[in-house]
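Undergrad: Would you mind keeping the following structure in view while I ask a few things?
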Amino acid sequence: MTGEKRPGGPSLDLTSSKKRTAPFEEYDDADLPSWTQSTLKTLEGSLKPPAPPPPDPTIIAFYSKEEVNSNGQRPSQEVFDKTMEYYNRCLFGDYKPPYTTIVGPSGIGKSFSVQQLAVHHGMYVVYSSLADRKSSDYPPRSVIADQIPSYTESMKRLARFWESYIIISLMHVEICKRVGISSAGFYNLQVRKKYKPYQDSFSHAVRLLDKADIPFRQLFARRANPKFEESLNKYCQESTKSLSEWLKTLKDNGHNPDSPPRTTQEITPEAVICIDEARELLDGNESRRFRSLRDALERCFRETIRNVDNPDLPIFRGEFFALVLDTTPKIANFAPPEPRSGSWPLFSPIYNIQTMDLFANKSCELFDGSNKAIDRTWGFGRPLWGRKVQAGVETREVAKLGRQKLGGQGTACLLALLSYRINFDVIRLSLAEEMVSKHLRFVVYMSPNGDLMRTTQPSEPILANAAAGQMLRSKIRRWVVAELVTSSLEGSIDPGDLGEMVAALLLLFAYDKAQSTFQYDFLPMLIRLDKFMGSLFGKTVRGDIADRMGTDTEMKVLWESGTVSFSHFVKLNEKPTKETLRLAFNRGAALFLPDRFPGANILIPVRVPGAEDLSFCLIQVKNSKDDKLTAGLENLATDALADAQKNLFPGTNYLGIVMCLRGSADDRGQSVGIATPTLIRHTRSRARARGQPDTAAASMDTARYHWPQKSKQLVVVAMGLDETIYPRVNCYGATLDERIDGLLRGLLDRVPNVTVPEDGDQTYVDGLMPLN
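Numbering (this note's numbering), first residue to last: 178 to 949.
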């Protein structure tokens, strides 16, 4: 293997070796004692060059080709278009600071899109990452990040650093263009670890200019200080020589591909200055470091560095635009200083980078529980997961990455765990900001003045599975549900239909328990329908269902061979199709049917071996306090589900469930009943007539039920909410303080968004509503 080439240093060829001298050649290994042979082999192994470390999958993924999204467009196109739009608006009289922010959760491709500005769009990107030193993310923290002065310094001192950084950066861009370093080559030079000597020298140059004893205004004087201009000229000459040598190294390493042809007629910035992981600039002293950066960008954009008659020094008046990246929306909501706030509105942030399901496998195969199928499942969601799979990371390692993303504590962390499985609206702005910044939630809208933000959590199987594993622990489940109740009642979140939310939790907890009996690492898997129903309602109800299902061939296959696989719920806006069911099954999702859908609220896809189409569990949720298990209610529920089935998939056999969450048992104390199929009669076997004993004859009696030719349904009706009805609502072994059934019943009895906090004056509130 040829050693790394760097300017000024010879290459080291570790693969070359001289021939052995004659004295060593005349011996044959067979002539030596065995211990000598062993020693020679050990020495021979120690003299070999060490094997190179395996390539880092994260780095491989970062430099992979940009995929096209479902719109047939590169995700980076949105960033490019907005950069061009905002830059041209700055050039032609829109007096805003020449920068915008890119905001969004981790893993959606913010940094990758900026890299693509250099690789695909031909922009020279000046890139600096302020990532934490201990972070394993890529790109890593830049050398220059350690040179940024402390927030305790004056605004003048901080602004001088940033202007020095901008001046040196733009000089390097100009020189790279002159010597032939492409836009992608310049990006590689700043980011890849093997070019750290260049990064050190760049940082050193910024530090020297920052500390130079030159009056600040002379940096922008029409005719600069002769001494300063001479120093700048000399630095340009030395940098030209150095970058010419780096060009050779870049070419030798294959890191200087040609810049792509220009595809726009608009004026393009000579450079795009990118500050990644910019939250470090939002310090505790009025964010001086961020404000000074913004002021430096504005001043450098409007001024020029040199006498226009000198062709050896680059001009950068109005030649750049800046992008500031982070997960926290606070960098976008950061208002200009008060005197300018009326006249200096900021450009709207970029948050709509369309990378969802970018690596989703287009296979038509249904999920079967194999590692190959799980890898396909991991491809759904943000590109962070799919790129890992594409880079060859093992299935369980990708799952481990998902679990690592669930860290944290407090309200936002607990609600995030729930949101990975059941999405809801976050109302309180500070809570939404924290969930975007630290817990992977997506931004879908930001108002121009920053006082309103809408967020969402889309379907991501890897996060849903990781959250399921966490919520099997009784304390965490209790904390999550308690936070759901508190935040719903105080109005911090809008959970939507409370009955649907509670029913979905009961279904998820039953599936989780069934899954945990087979594995502990919570990878997606198939659970037989009969086992899932046994986990949901217990062994007795499972046995009753089995008795009825066993009397019809088709329903017996559905019951004994049908499988479910769901770790989370997805809300539909339109009636599902057969393809919708396939897509949901493959990503491990159950479905909330559209609002006000007649007859049913929830649908769980069911795979039946050998069947062309998926079957399903169809669930109706009732939250009326007056429901009671009667024949009339059973008939109404059965008819409602039958109507829903006809509206969805006519002719399909299915299992129906009616969950009356605040209902009560019948007069005999029965809380769970099977509404249909109805019993026709018991058929006595012929063995009785032949003189068989009564016990033998009884065991051979068979019940007959009314099954139609098509659209066969078995409907279970459950009344109430406690462990006797849903045995898996609480974790196994949960203490009294860890039970959640009481919390869920309390949530169903309340109205969200109207509860006064505990420290409020409830007597005063009651006095405002006399009719209550």
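Each residue gets a CB set at the ideal place from its N, CA and C atoms; glycine is no exception.
Measuring straight from C-alpha to C-alpha, what distance separates residue 705 and residue 230?
TA: Those two C-alpha atoms are separated by around 44 Å.
Undergrad: Got a sec: is the Cβ-Cβ distance from residue 758 to anything in chain C below 8 Å?
TA: Within the model displayed, chain C is absent; a lone protein chain is all it includes.
Undergrad: Tell me where the alpha helix (DSSP H) around residue 596 begins and ends.
TA: Element bounds for residue 596: 588 to 596.
Undergrad: Compute the beta-carbon to beta-carbon distance between residue 604 and residue 670, rounded to the nearest angstrom, for a pair I have assumed lies under 8 Å.
TA: Right, their Cβ atoms sit about 6 Å apart.
Undergrad: Does DSSP put residue 752 in a helix, a strand or coil?
TA: Residue state, collapsed to three classes: coil.
Undergrad: How close, in whole Å, do the beta carbons of residue 500 and residue 291 come, if the pair is a contact with beta carbons under 8 Å?
TA: That pair is a contact at about 6 Å.
Undergrad: Taking only three categories from DSSP, how would you classify residue 506?
TA: Three-state DSSP puts residue 506 in coil, outside helix and strand.
Undergrad: For a test of the three-state rule: what should DSSP assign to residue 372, helix, strand or coil?
TA: Residue state, collapsed to three classes: helix.
Undergrad: From 852, 777 and 320, pick the residue whose C-alpha is nearest to that of residue 375; which is it?
TA: Minimum Cα distance to residue 375 is reached at 320.
Undergrad: Got a sec? Which residues, its chain only, sit under 6 Å from residue 922 by beta carbon, not counting five neighbours each side?
TA: Closer than 6 Å at the Cβ level, and outside the excluded window around residue 922, lie 898.
Undergrad: Taking the alpha carbon of residue 574 as the reference point, which residue from 591, 555 and 353 has its own alpha carbon closest?
TA: Answer by Cα proximity: 555.
Undergrad: Exposed or buried, what is residue 541 when buried is set at 16 or more other beta-carbons lying within 10 Å of its beta-carbon?
TA: Exposed, because fewer than 16 other Cβ atoms sit within 10 Å of the Cβ of residue 541.
Undergrad: Are the region 754 to 763 and the region 656 to 669 in contact at 8 Å, needing three or more beta carbon pairs?
TA: No, because fewer than three Cβ pairs between the region 754 to 763 and the region 656 to 669 fall closer than 8 Å, the two stretches do not touch.
Undergrad: State the beta-bridge partners of residue 896 as determined by DSSP.
TA: Paired residues: 837.
Undergrad: So which of 662, 328, 744 and 739 has the shortest CA-CA distance to residue 647?
TA: The option with the nearest alpha carbon to residue 647 is 744.
Undergrad: Measuring alpha carbon to alpha carbon, tell me which of 634, 383 and 630 ends up nearest residue 617.
TA: The option with the nearest alpha carbon to residue 617 is 634.
Undergrad: Quick one: what's residue 632 bridged to in DSSP?
TA: DSSP lists 620 as partners of residue 632.
Undergrad: When we look at the beta-carbon of residue 940 and count the other beta-carbons within 10 Å, is it buried (16 or more) or exposed?
TA: Counting Cβ neighbours within 10 Å, residue 940 comes out exposed, since fewer than 16 surround it.
Undergrad: By the three-class DSSP mapping on this structure, what secondary structure does residue 432 have?
TA: The answer is coil: DSSP assigns residue 432 none of H, G, I, E or B.
Undergrad: What are the start and end residues of each continuous alpha helix (DSSP H) run of 4 or more residues lying completely inside the region 535 to 562, in chain order?
TA: The qualifying runs are 548 to 555.
Undergrad: Tell me, to the nearest whole angstrom, how far the beta carbon of residue 785 is from that of residue 742; I am working on the premise that it is less than 8 Å.
TA: Not quite, the Cβ-Cβ distance comes to about 13 Å (not below 8 Å), so this is no contact.
Undergrad: Hey, quick one: how far does the alpha helix (DSSP H) through residue 819 stretch, first residue to last?
TA: Unbroken alpha helix (DSSP H) run through residue 819: 808 to 825.
Undergrad: Counting only the same chain and skipping the five closest in sequence on each side, list residues whose C-beta sits under 7 Å from that of residue 725.
TA: Only 851, 854, 882 and 891 meet the Cβ criterion.
Undergrad: Kindly indicate which three-state DSSP category residue 849 falls into: helix, strand or coil?
TA: It is a strand residue.
Undergrad: Using the Cα positions of residue 297 and residue 436, report the straight-line distance between them to the nearest angstrom.
TA: The straight-line gap from Cα to Cα measures roughly 8 Å.
Undergrad: Count the other C-beta atoms from every protein chain shown that fall within 10 angstroms of the C-beta of residue 638, then say buried if there are 16 or more, exposed otherwise.
TA: Burial call: buried.
Undergrad: Within the chosen definition, does the region 323 to 340 reach the region 530 to 538 through at least 3 CB pairs nearer than 8 Å?
TA: The answer is no - the region 530 to 538 does not touch the region 323 to 340, with fewer than three Cβ pairs under 8 Å.
Undergrad: Pair every Cβ in the region 434 to 449 with every Cβ in the region 231 to 246, then say whether three or more of these pairs are closer than 8 Å.
TA: At 8 Å Cβ cutoff, the stretches do not touch.
Undergrad: Quick one: residues in its chain with C-beta nearer than 6 Å to the C-beta of residue 593, no 5 flanking neighbours on either side, listed in chain order?
TA: Closer than 6 Å at Cβ, skipping near neighbours: 612 and 616.
Undergrad: Looking at residue 579: is its Cβ nearer than 8 Å to the Cβ of residue 640?
TA: Closer than 8 Å, so yes.
Undergrad: Which of the three DSSP states is assigned to residue 252 in this structure?
TA: Residue state, collapsed to three classes: coil.
Undergrad: Could I get the ranges of all uninterrupted alpha helix (DSSP H) runs contained in the region 702 to 728, with 4 residues as the minimum, in chain order?
TA: Correct list: 706 to 714 and 716 to 726.
Undergrad: Using a Cβ-Cβ cutoff of less than 7 Å, which residues in the same chain neighbour residue 289 once the five nearest sequence positions on both sides are dropped?
TA: Same-chain partners within the cutoff: 239.
Undergrad: Determine the contact status of residue 561 and residue 284, defining contact as a CB-CB distance below 8 Å.
TA: Against a cut-off of 8 Å, the Cβ pair of residue 284 and residue 561 comes out as a contact.
Undergrad: Residue 324 and residue 383 look like a contact to me (Cβ under 8 Å); what is the Cβ gap, rounded to whole Å?
TA: Contact flag correct, Cβ pair sits at about 6 Å.
Undergrad: Is residue 614 near residue 908, with beta carbons less than 8 Å apart?
TA: Not in contact: residue 614 and residue 908 (Cβ atoms no closer than 8 Å).
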